[in-house]
Amino acid sequence: MTDERRAQLAAALDAVRRRIARACADAGRRPDDVTLVAVTKNYPAADVQALAELGVTDVGENKDQEAAAKWSAVTAPLRWHYVGRLQRNKAGSVVRYADVVQSVDSVRLAGALDRAAGRHRTTPLDVLVQVSLDGDAQRGGAVIDGADPERDLWRVAEAVAASETLRLRGVMAVAPMNADPDRAFAILHDVASRLNGHHPGADAISAGMSGDLEQAVAHGATHVRIGTSLLGMRKTLR
Ligand SMILES: *Cc1c(COP(=O)(O)O)cnc(C)c1O
Numbered sequence: 203m204t205d206e207r208r209a210q211l212a213a214a215l216d217a218v219r220r221r222i223a224r225a226c227a228d229a230g231r232r233p234d235d236v237t238l239v240a241v242t243k244n245y246p247a248a249d250v251q252a253l254a255e256l257g258v259t260d261v262g263e264n265k266d267q268e269a270a271a272k273w274s275a276v277t278a279p280l281r282w283h284y285v286g287r288l289q290r291n292k293a294g295s296v297v298r299y300a301d302v303v304q305s306v307d308s309v310r311l312a313g314a315l316d317r318a319a320g321r322h323r324t325t326p327l328d329v330l331v332q333v334s335l336d337g338d339a340q341r342g343g344a345v346i347d348g349a350d351p352e353r354d355l356w357r358v359a360e361a362v363a364a365s366e367t368l369r370l371r372g373v374m375a376v377a378p379m380n381a382d383p384d385r386a387f388a389i390l391h392d393v394a395s396r397l398n399g400h401h402p403g404a405d406a407i408s409a410g411m412s413g414d415l416e417q418a419v420a421h422g423a424t425h426v427r428i429g430t431s432l433l434g435m436r437k438t439l440r
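203 is the number of the first residue of the sequence shown in the working numbering; add one for each residue after it.
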């Protein structure tokens with residue numbers, strides 16, 4: 203870790219924190235109601251460690267192998283969020299290091315995580331159900347009132363809630379490409395409220411990335427997942 207990189211990360215973190223604070227002020231919300239999840243995919247463990255030393259408490263990863271290796275290398279206490287597509291055969295690995303899995307989008311995946319967590323964990327695993335905001339299940343996410351029971355948002359949520367070792371904490375979504383994030387996050391907020399009505403512990407809304415965190419905060423996001431604005435463009439730096 204060079205001094206230059208450390209200074210770069212510190213300046214970027216400061217700028218992101220200011221964006222979050224301003225978005226909260228505009229929405230009449232308190233800045234500490236929004237948790238910053240630094241999405242560190244494609245960046246080395248040294249960057250994760252440096253962000254932790256700068257006060258970051260939560261990090262996100264989207265590939266199992268990369269995440270497991272970084273988790274082993276980083277000594278700072280952090281909450282690790284798994285935010286990527288997850289195959290059922292990776293469940294046994296992810297439950298060993300993840301504190302939160304944000305990308306549960308099928309009944310079968312919930313079942314696989316529940317069984318794996320039962321084997322490998324002593325504490326419950328926090329889960330967010332990923333919501334498809336364009337209704338295209340191919341792109342990931344459970345479908346709101348979906349025809350396929352395996353991928354229907356409400357059934358996925360029920361499967362998590364009924365499990366032994368998973369804790370249903372809320373929803374996650376990525377705004378669809380080429381669509382208005384405001385509209386997408388308004389739909390997500392509505393879905394989150396309905397879910398929370400049935401499940402009092404499920405009050406998290408993970409929404410907003412580098413390009414749309416302001417819109418997400420305006421629509422009630424409790425977690426924003428920021429990669430590029432903190433760490434730089436993923437391709438050029440690596
Ligand atoms: C990469 C990624 C992010 C971060 O996106 P940026 O635009 O780089 O801030 C957030 N959420 C998920 C699910 C991601 O895969």
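Beta carbons are placed, not taken as given, at the ideal position from N, Cα and C, and that holds for glycine.
Task: Bridge-paired residues (DSSP) for T237 - done: H425
- [ ] Taking only the alpha-carbon atoms, compute the straight-line gap between L311 and A420 and give it to the nearest angstrom.
- [x] 31 Å
Task: Proximity below 8 Å, CB of G342 to CB of A318 - done: No, the Cβ-Cβ distance between G342 and A318 is not below 8 Å.
Task: Three-state class that DSSP yields for Y284 in the structure shown - done: strand
Open item on the list: Please give me, in chain order, every unbroken run of the beta strand (DSSP E) with length at least 3 that falls completely inside the segment 355-432.
Closed with: With a minimum length of 3 residues, the continuous beta strand (DSSP E) runs that stay inside the segment 355-432 are 368-374, 406-408, 425-428.
Task: With 16 other Cβ atoms within 10 Å as the buried cut-off, status of D328 - done: Its Cβ being crowded by 16 or more others within 10 Å, D328 is buried.
Task: Backbone secondary structure at A344 - three-state DSSP - done: strand
- [ ] Please indicate yes or no: does the CB of M411 lie closer than 7 Å to some heavy atom of ligand 1?
- [x] At a threshold of 7 Å, M411 counts as near ligand 1, since its beta carbon sits closer than that to one of the ligand's heavy atoms.
Task: C-alpha gap between L432 and D260, whole angstroms - done: 13 Å
TODO: Enumerate in chain order the residues of its own chain whose CB-to-CB distance from D234 is below 6 Å, with the five nearest sequence positions on each side excluded.
DONE: none
Open item on the list: Please confirm whether M374 has its beta-carbon closer than 8 Å to some beta-carbon of chain B.
Closed with: Of the chains in the structure shown, none is chain B; there is only one protein chain.
Task: Cβ-heavy atom distance, S431 to ligand 1, below 7 Å - done: yes
TODO: Could you please give the first and the last residue of the uninterrupted beta strand (DSSP E) stretch that includes V302?
DONE: 302-306
- [ ] Grab me the residues of A275's own chain with a C-beta within less than 7 Å of its C-beta, minus the 5 sequence neighbours each way, in chain order.
- [x] Around A275, the same chain offers A247 as residues with beta carbons nearer than 7 Å, after the five sequence neighbours per side are excluded.
Task: Close beta carbons around V358, own chain, < 7 Å, minus the five adjacent residues each side - done: Correct list, in chain order: V306, D307, S308, V309, A312, V331, A344.
TODO: Would you give the residue range spanned by the alpha helix (DSSP H) that E255 belongs to?
DONE: Looking at the DSSP string, the run of the alpha helix (DSSP H) that includes E255 is 247-255.
Open item on the list: What residue range does the alpha helix (DSSP H) around V296 cover?
Closed with: 293-299
TODO: Give the DSSP-derived three-state secondary structure of E459 in the structure shown.
DONE: The chain is shown from 203 up to 440; residue 459 falls before or after that span and cannot be answered.
Open item on the list: Please tell me whether, using a cut-off of 7 Å, the distance from the CB of I428 to the nearest non-hydrogen atom of ligand 1 is below it.
Closed with: yes
Open item on the list: Among T324, I346, L397, whose alpha-carbon lies nearest the alpha-carbon of S334?
Closed with: When each option's Cα is compared against that of S334, the closest is I346.
Open item on the list: According to DSSP, is A338 part of a helix, a strand, or is it coil?
Closed with: Sequence inspection shows Asp at residue 338; the Ala mentioned does not correspond to that position. Note: D338 maps to coil in three-state DSSP.
Open item on the list: Rounded to the nearest angstrom, what separates R232 and A217 at their Cα positions?
Closed with: For R232 and A217, the distance between alpha carbons rounds to 17 Å.
Open item on the list: Rounded to whole angstroms, what is the Cα-Cα separation between R208 and V303?
Closed with: 28 Å
TODO: Just mark N264 as buried or exposed, buried being the case when its beta carbon has 16 or more other beta carbons within 10 Å.
DONE: Flag for N264 reads buried.
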